[in-house]
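Under the numbering used here, read the sequence shown as residues 723 to 1231, first letter to last.
Glycine residues also receive a C-beta, built at the ideal position from the N, C-alpha and C atoms.
None of these values were measured; they are calculated from a predicted model.
All remarks here apply to the structure that follows.
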Amino acid sequence: MGRSSAARRTVPLWLERAEASLRPGREGLETILRECGVELTPEQYDALWSYHRMLRDANAELNMTRIHNFENMVLKHYVDSLLVLDLVDLPSPIIDMGSGPGLPGVPLKIARPDVHVILCEPRSARVEFLERVCEKLGLPGMEVHGRRLGPDYPGKVKGVITRAVATIAETFGRVAACIEPGGRMIFMKGPGCDPEIDEARDWSNWFHLEADHAYSIPGTTHDRRLVVYKRTGADPPLVEKETSAQVARSFAGRVREITSESNATYRLLADLLTGRGVRKHGLAILAGPRITAEVAAKFPDRVEGWITDADGPPPDDSSWAWHRLASPLFKALDVAGTRAPLLLAKAPRLEAWSDAAPWPDGCTLFAPFQDPENVGAAIRSAAAFGVARVVLLQEAAHPFHPRASRAAGPALFQVELLTGPSIRDLESSSHPLIALDADGEPLEAEPFPATFGLVAGVEGPGLPDRLRRGPRRRVPIAAGVESLNATVATAVALYAWSRGVAGGGEPRM
């Protein structure tokens, strides 16, 4: 990468060519980068554009950057990251400390494929995103370290770079033991970092100030400082690893330490592992990094708390209660074995379905599934294919049972959920109930009604006689196969309905 004379223009060319660059796209990204003096190969521009698209797509769920404007993202994220290469020779391997969404590490790796870059990020949802970025870009020598960087880092590197994660002195305490003598500690700072540099003089025996570059992003008023320290040969100071208790004390919100099974809060949390407990307390435990991140981002009003073991990370939101459990207690709650923090969420009260109440247009799904995972899968399919509501029959497992909620994910809050009678007593005098049955008419036999109920059978017993006497549909399958799993058949039927396949109707999605 090199700097061209265009980087020193008072008015950047992309502003003069607004009609060409203001439209977000691969061409606009390259135009802005080139006018800032960032020269890459076409393949590197392609890779940066792919990364940009991944970041934009994931940001709505993970809230990794507050910058949404296309030009500002390119300038403040990618150009700012890549200008580092004009000011310092990047050591390898280098750790991007507190990488967040992969900044500056991912752009630097794209521009310098020869450098081994380690993206260090402790938050599980962002770790998952960074791992997807590494897989998508396929750049050898880029990896993710999903923990907080500290004295316990396994091994040594030639450099660490960080973008305004902590003060200079605080950072020295965390990295002194993992940077080899002669290695570089690179700080991307704002213009007012002189007090930090003064404070860092206490570390002069271990880190020598090598360079202090003041610069600005070309064509903007954004001033920056790149402060570079060289690690001396002195043995690193004895810095104790920050204890879990210290982490907890630094958290601004409520922290509840739970070490005993007899603890009242723990008994409540353990009760949520059953549907009965969920109904009793109106709370549910959600598991899985992606699910918890999506629910926290899309439905923050539903979040009640954060559950980890004693070494787990604090929640991002200080308004959440942080439940820190002894390891055996946390494992008992983590029934899915995710080992990631759990989300404590408010489970909405489920109203009773009434045939006499107005029916919404489209499909109402009646689900009797006794297996919690089948209930969750059915709710997820219902949300995916635009079902108006799901009526959970008396036989059904609770939708916020831990196994059901893990299968359903955020769909739990995206589709209306009601309770209904036993499948044996289900009937409607106002709208047709169409049952899924292996002996029914093919799905495509005729159009679905404008308003109707779709009824799946109970796993094993199937449909009661009452529903067998009414209209039935089947999913055609290959000869010799006995039947489909009830939730799979339900998903296929809902897809056919949503696309207007049955009877050649118009797609609904």
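Residue i and residue j closer than 7 Å at C-beta
{"i": "residue 842", "j": "residue 817", "result": "yes"}
{"i": "residue 1118", "j": "residue 1090", "result": "yes"}
{"i": "residue 1165", "j": "residue 1195", "result": "yes"}
{"i": "residue 1236", "j": "residue 1008", "result": "Since the displayed the chain opens at 723 and closes at 1231, residue 1236 lies outside it and no answer follows."}
{"i": "residue 1171", "j": "residue 1126", "result": "no"}
{"i": "residue 1173", "j": "residue 1081", "result": "yes"}
{"i": "residue 973", "j": "residue 1036", "result": "yes"}
{"i": "residue 954", "j": "residue 928", "result": "yes"}
{"i": "residue 896", "j": "residue 872", "result": "yes"}
{"i": "residue 839", "j": "residue 864", "result": "yes"}
{"i": "residue 891", "j": "residue 921", "result": "yes"}
{"i": "residue 1216", "j": "residue 1049", "result": "no"}
{"i": "residue 777", "j": "residue 746", "result": "no"}
{"i": "residue 1067", "j": "residue 1024", "result": "yes"}
{"i": "residue 856", "j": "residue 875", "result": "no"}
{"i": "residue 1112", "j": "residue 1139", "result": "yes"}
{"i": "residue 1145", "j": "residue 1115", "result": "yes"}
{"i": "residue 1105", "j": "residue 1137", "result": "yes"}
{"i": "residue 1014", "j": "residue 1065", "result": "yes"}
{"i": "residue 977", "j": "residue 1069", "result": "no"}
{"i": "residue 1161", "j": "residue 1185", "result": "no"}
{"i": "residue 861", "j": "residue 831", "result": "yes"}
{"i": "residue 1063", "j": "residue 1034", "result": "yes"}
{"i": "residue 1077", "j": "residue 1150", "result": "yes"}
{"i": "residue 958", "j": "residue 898", "result": "yes"}
{"i": "residue 939", "j": "residue 760", "result": "no"}
{"i": "residue 859", "j": "residue 769", "result": "yes"}
As assigned by DSSP and simplified to three states, the class of residue i
{"i": "residue 1184", "result": "strand"}
{"i": "residue 818", "result": "strand"}
{"i": "residue 1117", "result": "coil"}
{"i": "residue 808", "result": "helix"}
{"i": "residue 1046", "result": "strand"}
{"i": "residue 846", "result": "helix"}
{"i": "residue 900", "result": "coil"}
{"i": "residue 825", "result": "coil"}
{"i": "residue 799", "result": "helix"}
{"i": "residue 1075", "result": "coil"}
{"i": "residue 909", "result": "strand"}
{"i": "residue 929", "result": "strand"}
{"i": "residue 1088", "result": "strand"}
{"i": "residue 743", "result": "Its pLDDT being 43, under 50, residue 743 is placed unreliably in this model, and the value from its coordinates should be taken loosely. Here residue 743 sits in helix by DSSP."}
{"i": "residue 834", "result": "coil"}
{"i": "residue 877", "result": "coil"}
{"i": "residue 1003", "result": "helix"}
{"i": "residue 786", "result": "coil"}
{"i": "residue 1016", "result": "helix"}
{"i": "residue 1055", "result": "helix"}
{"i": "residue 729", "result": "A caution first: residue 729 carries a pLDDT of 38, below 50, which makes its placement in the model unreliable, though a value can still be read off. In the structure shown, residue 729 sits in a helix (DSSP, three-state: H, G or I)."}
{"i": "residue 1219", "result": "helix"}
{"i": "residue 936", "result": "strand"}
{"i": "residue 760", "result": "coil"}
{"i": "residue 1039", "result": "coil"}
{"i": "residue 1160", "result": "strand"}
{"i": "residue 1167", "result": "helix"}
Neighbour-count burial assignment, residue i, 16 or more Cβ in a 10 Å radius
{"i": "residue 790", "result": "exposed"}
{"i": "residue 752", "result": "buried"}
{"i": "residue 1096", "result": "buried"}
{"i": "residue 809", "result": "exposed"}
{"i": "residue 1220", "result": "buried"}
{"i": "residue 917", "result": "exposed"}
{"i": "residue 930", "result": "exposed"}
{"i": "residue 1152", "result": "exposed"}
{"i": "residue 845", "result": "buried"}
{"i": "residue 848", "result": "buried"}
{"i": "residue 1130", "result": "buried"}
{"i": "residue 1073", "result": "exposed"}
{"i": "residue 1016", "result": "buried"}
{"i": "residue 880", "result": "buried"}
Inter-residue CB distance, residue i and residue j (contact presumed, cutoff 8 Å)
{"i": "residue 885", "j": "residue 1010", "result": "Rounded, the Cβ-Cβ distance is 29 Å, inconsistent with contact."}
{"i": "residue 995", "j": "residue 1124", "result": "6 Å"}
{"i": "residue 1142", "j": "residue 1148", "result": "7 Å"}
{"i": "residue 1088", "j": "residue 1175", "result": "6 Å"}
{"i": "residue 1157", "j": "residue 1212", "result": "The pair is not a contact, with the Cβ atoms about 11 Å apart (cut-off 8 Å)."}
{"i": "residue 1051", "j": "residue 983", "result": "7 Å"}
{"i": "residue 813", "j": "residue 905", "result": "6 Å"}
{"i": "residue 914", "j": "residue 757", "result": "Contact doesn't hold; Cβ gap of about 27 Å is too wide."}
{"i": "residue 1092", "j": "residue 1180", "result": "7 Å"}
Touching by the beta-carbon criterion (3+ pairs, under 8 Å), the segment 757–767 and the segment 778–790: no
Inter-stretch contact (C-beta, 8 Å, three-pair minimum) for the segment 790–806 and the segment 937–948: yes
The segment 1035–1053 in contact with the segment 827–843 per 3-pair CB rule at 8 Å: no
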